[in-house]
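Undergrad: Residue numbers (my numbering), protein chains in the order written: chain V, 448 to 719; chain X, 448 to 719; chain S, 131 to 435; chain W, 131 to 435.
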Ligand SMILES: Cc1cc2nc3c(=O)[nH]c(=O)nc-3n(C[C@H](O)[C@H](O)[C@H](O)COP(=O)(O)OP(=O)(O)OC[C@H]3O[C@@H](n4cnc5c(N)ncnc54)[C@H](O)[C@@H]3O)c2cc1C
Ligand SMILES: Cc1cc2nc3c(=O)[nH]c(=O)nc-3n(C[C@H](O)[C@H](O)[C@H](O)COP(=O)(O)OP(=O)(O)OC[C@H]3O[C@@H](n4cnc5c(N)ncnc54)[C@H](O)[C@@H]3O)c2cc1C
Ligand SMILES: Cc1cc2nc3c(=O)[nH]c(=O)nc-3n(C[C@H](O)[C@H](O)[C@H](O)COP(=O)(O)O)c2cc1C
Ligand SMILES: Cc1cc2nc3c(=O)[nH]c(=O)nc-3n(C[C@H](O)[C@H](O)[C@H](O)COP(=O)(O)O)c2cc1C
Ligand code: FES
Ligand code: FES
């Protein structure tokens, strides 16, 4: 049985304006989490917000059973969460969802992340046992950028861009990535971030013939696969399924069938 | 203009199980409060509870601008309030409502209180400048009783009862009061507590020809007199009003016309 | 100090801003005048008025529910004559539109109310045919096309001021009711009144309200109110005044986008006596942030998906 | 371990307790079986089934509102055949009543669904004539006396299992709809389905839901649901299953007192996957505290003021 957990918050800190790092102690999640999975958090008691908020797992410390998430304060839920203090209880379910496909076959991996999409990629870099790991991460500007030290630690090559050029390359991270993919034969690409960015990454990977995984976002109800709120369009690829359907796509659940999907399954790259 | 105040909580302590004493700093309320008035508190931010909760003012320290309220944890609102900590902000409006009639004419006063009704009476005893003050206060049992030291300090004579006899007289406080009124010529009686208790007090005072004031409770909306949610039946006494109405009573607002009313105005003693 | 950004006109009445205190939540303005400057409000819709004084329902008259309240005041009011004599002069000291919310047991009563008030200084009528808390008449006029048509047509004859018809949400199809009001002479529509509800004290095993049922208002009803505002605004040409659960400028903007030309704020006044004033300022900030020149730039400007 | 305190019978179906997972919020039980022991539930009403598989509406399909949610799933489901083949055998492993919630575009589709499912192991039908999220049919059958009469009568002919008719709250008078369902053969009534609502993203100036409108559920609707449960229970003789905003045993007790013989729990499962189990325990505590011998001791036992 999967538990609904009530865990102790160890740390909750504003890293840069409106980006918070929260660490909580959870044996169950720390021991079971895989990169790409998320936790679903009740951000306040009572009805001030009701639905749980999905947040990717950014790091786990399996020795001490610490789980780290990094989140942006956006609306009501994350605002409440931002005020949690050390010692408070976190009502959390997880780990949830399909993780990134990690295999020893992939010797040379790349991650491409933008904004809040970088957090699950950090966990992936850390967990990946290969020796060649390249990270492309993009930020709006210098004020937004976080966890650079951690990315430096777990990636062999790190490329950074900011929209305004206040740090690293000025422009889109996809420019750097398209450059990278031209020079380097990656075995797999993992991407998470704004849809427009992921679309470019999927296209470039596809053209280069490299498999690619995307991590999607959608508004969720249950977070466990029961309510069908969180769907996205996914191409029908298997021949048997194609035969049974006159459609080229079907809706899949981000919370259960995803959040990680193969780039080429992601219907028309982006949700039209 | 009357302000909506955001004041600092200085102290919030559980006196006996489920009875809390909360002290906050408020120059406006401390300088303006009169015995019998109440404050109206937003017990949590957001929508977990929405309406403000009315709580009587139990004490003020005008030198230091401290205001004390004592409240019982009953439902959602008081439950939230019970978890407020020192340094938290209290969203409060007050002082509100009509206070007890205190006059130098009343040399020999008595208060009769039961349960949570005793708190406004303590403030009254403290503020009253007369030398003869008798207090009758009733509790369910020994575990419930609070603020005895304070009552001893401000009353010249203190009578205590508990329903189960675990402290003081065993039985209703009205027994002690009916005894008291037989032996002592009070100039005025003030009462606050359960309706059944107040009814007995009003009757006994009436029979003894002593003026009596009651403090009523009702569910409130606005707390300031605008919505007409909190009404109670009040006898029409003035001759001119009687002429204009074919009814013997009209609805008056507990929050604005009360909470303190004259016992003889309180229609049929109790709200039928 | 008027501000052209926020000016709106509803059925010929010029409002300095589109925020009006909702009927029944603001009395006759006296109590809130101790907290805020009434001159700053777009308008005030006064407590529902009847021909004769009314005592209203038994207490308790209010219950809290999740993100909402139920009320069963039952139209306690001093009667229209006392209003004209004692309350209106007070209200007219302020530079804000005064809307007379009227309710009756029979169409004749509504007509008589309209006649009496037409020669006073009020700025408009709000026909309350949607109060769920009184036994006779009232809501019965508001929940059928026939009922609303008849009463609007009759009362309109006696109105020398613009007539706003206030709709009840307790209907299958609010569009047809709104169209019937429009067709029969309404100058504007306001909505929503409260939704009929019930809350039970499980320990006493009785309804909390002495009246057993009450009208639901507050944040809980907002998505229903926004939907109905959109539905009505999309079928009538007359202006729509939206309300139901507004607590902030953001909430109000939802109603404007859905098609409301003004909004009313009810329940939230109880929680925050400054609510109307803060909402006016928040609407202004939103318009300024997006560089709009006028509130009209957002009225009805929702783009459907 | 059954417990006679909580046993109820609805239209001949024996439930070990009166708490049923509400349709559409519990899928086909698989996901929640990872959190709770489905054997402990009184029943499960499965996701609305249609004759053919349905993809449902575009996302986003959910929005949060004050104390509620709007959903516009649009009846995504694998179709009745896949249900019978792939899902029902899984569900039948558990000792709990299985209710097939069915929806169609035409009365014929409903009849065909009833026919197909009649020979399976389901325990009852729940006629979903109240889903606000699909364009064709469905809710149109549910909001008039004629519509509900006709569909109930027709579908009933094909039902070899008890027929529960689920009502929409988006009507002027739910009593007449309930009586029409009863008169035409309904074995029980369940209510309420969701209330039509809308939420607007004021920065994008578009509805949050891709479908523009959605159905409101969750705590916000509770007072409306309790009122309608009371109204319906007081005019029909068949059992009533109440729902709408239940989050706790206390909430459930309100519905029992109002006249419900069982309750369904929907939205709150999302917030707390243990919701149904906790509610069962809380109902038990309440009955025990007041020394009741059976849930029947409180059903409809509200005393009006
Ligand atoms: C699988 C997954 C992983 C995520 N990981 C992270 C992360 O690591 N760090 C981070 O900062 N954010 C992450 N997000 C986005 C995060 O869930 C939203 O920012 C958050 O739910 C916003 O909640 P709110 O109450 O602050 O905003 P509100 O706008 O008040 O939320 C209202 C409702 O909309 C939903 N919602 C709003 N924005 C989003 C969104 N972008 N995606 C999904 N639902 C949304 C909320 O969950 C809630 O139900 C992730 C989302 C998904 C689906
Ligand atoms: C003038 C006045 C003075 C009061 N002084 C005190 C005091 O000094 N100490 C104290 O402990 N209590 C006092 N009370 C009672 C106190 O207001 C209620 O106990 C409190 O509102 C309960 O809120 P809750 O959220 O805990 O309960 P809930 O039952 O969850 O409240 C639900 C709603 O009912 C209202 N309500 C519930 N019980 C009462 C009640 N007895 N009177 C009025 N409204 C009620 C609440 O305000 C709220 O709107 C006073 C009440 C009034 C009217
Ligand atoms: C206590 C109370 C009294 C009300 N009295 C009236 C009234 O007399 N006439 C009327 O048309 N509406 C009345 N209403 C309805 C409000 O004007 C408004 O339509 C409703 O409360 C929804 O808005 P809100 O959610 O902002 O409160 C009353 C509402 C409340 C809460
Ligand atoms: C996401 C979601 C999907 C739903 N799908 C269905 C459905 O397929 N059939 C149906 O009859 N009701 C459906 N409903 C309505 C619920 O069964 C229930 O009537 C409603 O949500 C009120 O209960 P609640 O407040 O406990 O959620 C759905 C509700 C939600 C929230
Ligand atoms: S959120 Fe319920 S299925 Fe994904
Ligand atoms: S609570 Fe509004 S008038 Fe008293």
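Backbone N, C-alpha and C define an ideal beta-carbon position, used for all residues, glycine too.
If the criterion is Cβ atoms closer than 9 Å, does the pair residue 189 of chain W and residue 340 of chain W meet it?
TA: Counted from its first residue, the fourth chain places residue 189 of chain W at position 59. Counted from its first residue, the fourth chain places residue 340 of chain W at position 210. Cβ atoms of residue 189 of chain W and residue 340 of chain W: closer than 9 Å.
Undergrad: Say whether chain X places a C-beta atom closer than 9 Å to the C-beta of residue 273 of chain S.
TA: In the third chain, counting from the first residue as 1, residue 273 of chain S sits at position 143. Closer than 9 Å: no.
Undergrad: Using only the heavy atoms of ligand 1, determine whether one of them is closer than 8 Å to the beta carbon of residue 523 of chain V.
TA: Mapped onto the first chain, residue 523 of chain V falls at position 76. Yes, ligand 1 has a heavy atom inside 8 Å of this Cβ.
Undergrad: Determine whether the Cβ of residue 536 of chain X lies closer than 9 Å to any Cβ atom of chain S.
TA: On the second chain, position 89 is the one that residue 536 of chain X refers to. Not closer than 9 Å to any Cβ of chain S, the Cβ of residue 536 of chain X fails to qualify, so no.
Undergrad: Nearer than 8 Å: is that true of the beta carbon of residue 701 of chain V relative to any heavy atom of ligand 5?
TA: Here residue 701 of chain V is taken as the residue at index 254 of the first chain, counted from 1. Within the cutoff, so yes.
Undergrad: Quick one: is the Cβ of residue 673 of chain V within less than 8 Å of any heavy atom of ligand 5?
TA: What you label residue 673 of chain V is simply residue 226 of the first chain in a count that begins at 1. The answer is yes for residue 673 of chain V.
Undergrad: In whole angstroms, what separates the C-alpha of residue 257 of chain W from that of residue 176 of chain W?
TA: Within the fourth chain, the letter at position 127 stands for residue 257 of chain W. Within the fourth chain, the letter at position 46 stands for residue 176 of chain W. C-alpha separation (whole angstroms): 12 Å.
Undergrad: Within 8 Å: the Cβ of residue 677 of chain X and any heavy atom of ligand 6?
TA: Here the question's residue 677 of chain X lines up with position 230 in the second chain. Yes, since a heavy atom of ligand 6 falls inside the 8 Å radius drawn around the Cβ of residue 677 of chain X.
Undergrad: Between the C-alpha atoms of residue 297 of chain W and residue 277 of chain W, what's the straight-line distance to the nearest angstrom?
TA: To locate residue 297 of chain W, count along the fourth chain from 1; it is residue 167. To locate residue 277 of chain W, count along the fourth chain from 1; it is residue 147. Computed Cα separation, rounded: 12 Å.
Undergrad: Pick out whichever of W:171, W:356 and W:169 has its Cα sitting closest to the Cα of residue 373 of chain W.
TA: As a working note, residue 373 of chain W is residue 243 in the fourth chain. That would be W:356, whose Cα lies nearest to the Cα of residue 373 of chain W.
Undergrad: For the alpha helix (DSSP H) holding residue 619 of chain X, just list the boundary residues, first then last.
TA: Within the second chain, the letter at position 172 stands for residue 619 of chain X. Neither: residue 619 of chain X is in no alpha helix (DSSP H) and is coded neither H nor E.
Undergrad: In terms of residue numbering, what span does the beta strand (DSSP E) encompassing residue 448 of chain V cover?
TA: Numbered from its first residue, the first chain carries residue 448 of chain V at position 1. Counting along the chain, residue 448 of chain V falls outside any beta strand (DSSP E), and DSSP gives it neither H nor E.
Undergrad: For residue 151 of chain S, list the residues DSSP reports as bridge partners.
TA: Taking the first residue of the third chain as 1, we reach residue 151 of chain S at position 21. Looking at the DSSP assignment, residue 151 of chain S forms a beta bridge with S:174 and S:395.
Undergrad: Mind checking which residues open and close the beta strand (DSSP E) that includes residue 501 of chain V?
TA: What you label residue 501 of chain V is simply residue 54 of the first chain in a count that begins at 1. Note, residue 501 of chain V: beta strand (DSSP E), 500-503.
Undergrad: Looking at the structure shown, is residue 632 of chain V part of a helix, part of a strand, or coil, going by DSSP?
TA: For this step, residue 632 of chain V is matched to residue 185 along the first chain. If DSSP states are grouped into helix, strand and coil, residue 632 of chain V belongs with coil.
Undergrad: Let me check you understand the geometry: is the CB of residue 348 of chain W closer than 8 Å to at least one non-hydrogen atom of ligand 5?
TA: Along the fourth chain, read from residue 1 onward, the residue named residue 348 of chain W stands at position 218. No - ligand 5 has no heavy atom lying nearer than 8 Å to the Cβ of residue 348 of chain W.
Undergrad: CB of residue 241 of chain W to nearest heavy atom of ligand 6: below 8 Å?
TA: Numbered from 1 along the fourth chain, position 111 holds the residue referred to as residue 241 of chain W. Outside the cutoff, so no.
Undergrad: Using a C-beta to C-beta distance shorter than 9 Å, which residues of chain X count as neighbours of residue 615 of chain V?
TA: Residue mapping note: residue 615 of chain V aligns to position 168 of the first chain, counting from 1. None at all; the shortest Cβ gap to chain X is about 40 Å.
Undergrad: So which residues on chain V does residue 189 of chain W lean against when the C-beta distance must stay under 9 Å?
TA: By one-based count along the fourth chain, residue 189 of chain W stands at place 59. Neighbours of residue 189 of chain W on chain V, chain order: 665, 666, 676, 677, 678, 679, 680, 698, 701 and 718.
Undergrad: Just checking my contact of residue 669 of chain V with residue 567 of chain V at CB under 8 Å: how many whole Å lie between their CB atoms?
TA: Residue mapping note: residue 669 of chain V aligns to position 222 of the first chain, counting from 1. Residue mapping note: residue 567 of chain V aligns to position 120 of the first chain, counting from 1. That belief does not hold up - the Cβ atoms of residue 669 of chain V and residue 567 of chain V are roughly 21 Å apart, past 8 Å.
Undergrad: Does any heavy atom of ligand 5 sit closer than 8 Å to the C-beta of residue 400 of chain W?
TA: Here residue 400 of chain W is taken as the residue at index 270 of the fourth chain, counted from 1. Within the cutoff, so yes.
Undergrad: Taking residue 464 of chain V as the reference, which of V:520, V:524, V:569 and V:453 has the closest Cα?
TA: Sequence index remark: in the first chain, residue 464 of chain V carries index 17 (1-based). Considering only alpha carbons, the answer is V:520.
Undergrad: Pick out whichever of X:483, X:650 and X:544 has its Cα sitting closest to the Cα of residue 565 of chain X.
TA: What you label residue 565 of chain X is simply residue 118 of the second chain in a count that begins at 1. It is X:483 whose Cα lies nearest to the Cα of residue 565 of chain X.
Undergrad: Could you name the residues of chain X that residue 199 of chain S contacts, counting a contact when the two beta carbons are closer than 8 Å?
TA: In the third chain, counting from the first residue as 1, residue 199 of chain S sits at position 69. Neighbours of residue 199 of chain S on chain X, chain order: 497, 498 and 668.
Undergrad: What residues in the segment 468-502 of chain X have a beta carbon less than 8 Å from any beta carbon of chain S?
TA: Flagged, chain order: 489, 494, 496, 497, 498 and 499.
Undergrad: According to the Cβ coordinates, are residue 676 of chain V and residue 191 of chain W closer than 9 Å?
TA: Your numbering for residue 676 of chain V matches position 229 in the first chain. Your numbering for residue 191 of chain W matches position 61 in the fourth chain. Yes, the pair counts as a contact, with Cβ atoms nearer than the cut-off.
Undergrad: Where in the segment 520-560 of chain V do unbroken runs of the alpha helix (DSSP H), each at least 4 residues long, occur, reported from the N-terminal end onward?
TA: For the segment 520-560 of chain V, whole alpha helix (DSSP H) runs of length 4 or above, ordered along the chain, are 523-529.
Undergrad: What's the gap between the Cα of residue 511 of chain X and the Cα of residue 558 of chain X?
TA: In the second chain, counting from the first residue as 1, residue 511 of chain X sits at position 64. In the second chain, counting from the first residue as 1, residue 558 of chain X sits at position 111. For residue 511 of chain X and residue 558 of chain X, the distance between alpha carbons rounds to 27 Å.
Undergrad: Under a three-way DSSP split, which group does residue 352 of chain W fall into?
TA: Here residue 352 of chain W refers to the residue found at position 222 when the fourth chain is read from its first residue. Three-state DSSP puts residue 352 of chain W in a helix.
Undergrad: Expressed to the nearest angstrom, what Euclidean distance is found between the alpha-carbon atoms of residue 627 of chain V and residue 595 of chain V?
TA: Position 180 of the first chain, counted from the first residue, corresponds to residue 627 of chain V. Position 148 of the first chain, counted from the first residue, corresponds to residue 595 of chain V. Looking at the two C-alpha atoms, the distance is approximately 19 Å.
Undergrad: For ligand 7, I want to know if residue 544 of chain X counts as a neighbour, meaning its beta carbon is within less than 8 Å of at least one of the ligand's heavy atoms.
TA: In the structure on display, ligand 7 does not appear, and the ligands it does have are ligand 1, ligand 2, ligand 3, ligand 4, ligand 5 and ligand 6.
Undergrad: Using a C-beta cutoff of 9 Å, does residue 425 of chain W count as contacting chain S?
TA: For the purposes of this step, residue 425 of chain W is taken as residue 295 along the fourth chain, with counting starting at 1. So no, residue 425 of chain W is outside the interface.
Undergrad: Starting from residue 279 of chain W, trace the beta strand (DSSP E) both ways and give me its first and last residue.
TA: Locating residue 279 of chain W in the fourth chain gives position 149, counting from the first residue. Segment 275-288 is the alpha helix (DSSP H) holding residue 279 of chain W; no beta strand (DSSP E) there.
Undergrad: Count the C-beta pairs between the segment 215-235 of chain S and the segment 248-255 of chain S that are closer than 8 Å, then say yes if the count reaches three, no if not.
TA: The segment 215-235 of chain S is in contact with the segment 248-255 of chain S.
Undergrad: Consult DSSP for residue 710 of chain V and reduce its assignment to one of helix, strand or coil.
TA: Locating residue 710 of chain V in the first chain gives position 263, counting from the first residue. Residue 710 of chain V: helix per DSSP, three-state reduction.
Undergrad: How about residue 551 of chain V and residue 581 of chain V: are their beta carbons less than 9 Å apart?
TA: Looking up residue 551 of chain V in the first chain gives position 104. Looking up residue 581 of chain V in the first chain gives position 134. No; because the gap between Cβ atoms is not below 9 Å, this pair is not in contact.
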